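Chemist: Numbering (the working numbering), first residue to last: 5 to 144.
We put the beta carbon where it would ideally sit given N, CA and C, even for glycine.
None of the values given here were measured: they were computed from a predicted structure.
#1: Identify whether residue 137 lies in helix, strand or coil by the three-state DSSP scheme.
#2: Are the region 48-60 and the region 112-119 touching, with three or more C-beta to C-beta distances below 8 angstroms?
#3: With 16 as the cutoff for other CB atoms within 10 Å, does residue 62 come out buried or exposed?
#4: Thinking residue 20 and residue 31 are a contact (beta carbons under 8 angstroms), I'd like their distance in whole angstroms, please.
#5: Given residue 124, which residues of its chain have a CB within under 7 angstroms of its CB, disregarding the five upstream and five downstream residues?
#6: Quick one: Cα of residue 24 to Cα of residue 40, how far?
#7: Bridge partners for residue 40 per DSSP, in chain order?
#8: Using the Cβ count rule (16 or more neighbours within 10 Å means buried), how would you classify residue 76?
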């Protein structure tokens, strides 16, 4: 897993955000919470999802139209809930073990994890307010 470069929504400074870390990413300059969106594979899913934050797993495929519709919504969700939610994207075509773990027979499938355990799921392309409502219920 590699780090991704994220622009801070507060000060526009570019920051390297690791795919896996114990804490929460924050801007090196202004210390604002940063959006955390990472790609994970079967091999590194456990470390990518290993955080104390709520993890939103996006099980998707590049050929899936509804999956492509949900992608920008999840980017906005990650920004809106920076410091509280981590989005972990898993391509089901390339990562069959993780897809099987969550019984992803249809996609997009969003799985919400707390402490590594699935606490909620959403099947299909849902609008941003519905996803946000589910997150609000889970993070308080």
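Modeler: Well, looking at it:
#1: helix
#2: yes
#3: buried
#4: Contact doesn't hold; Cβ gap of about 11 angstroms is too wide.
#5: 116, 138, 142
#6: 10 angstroms
#7: 90
#8: exposed
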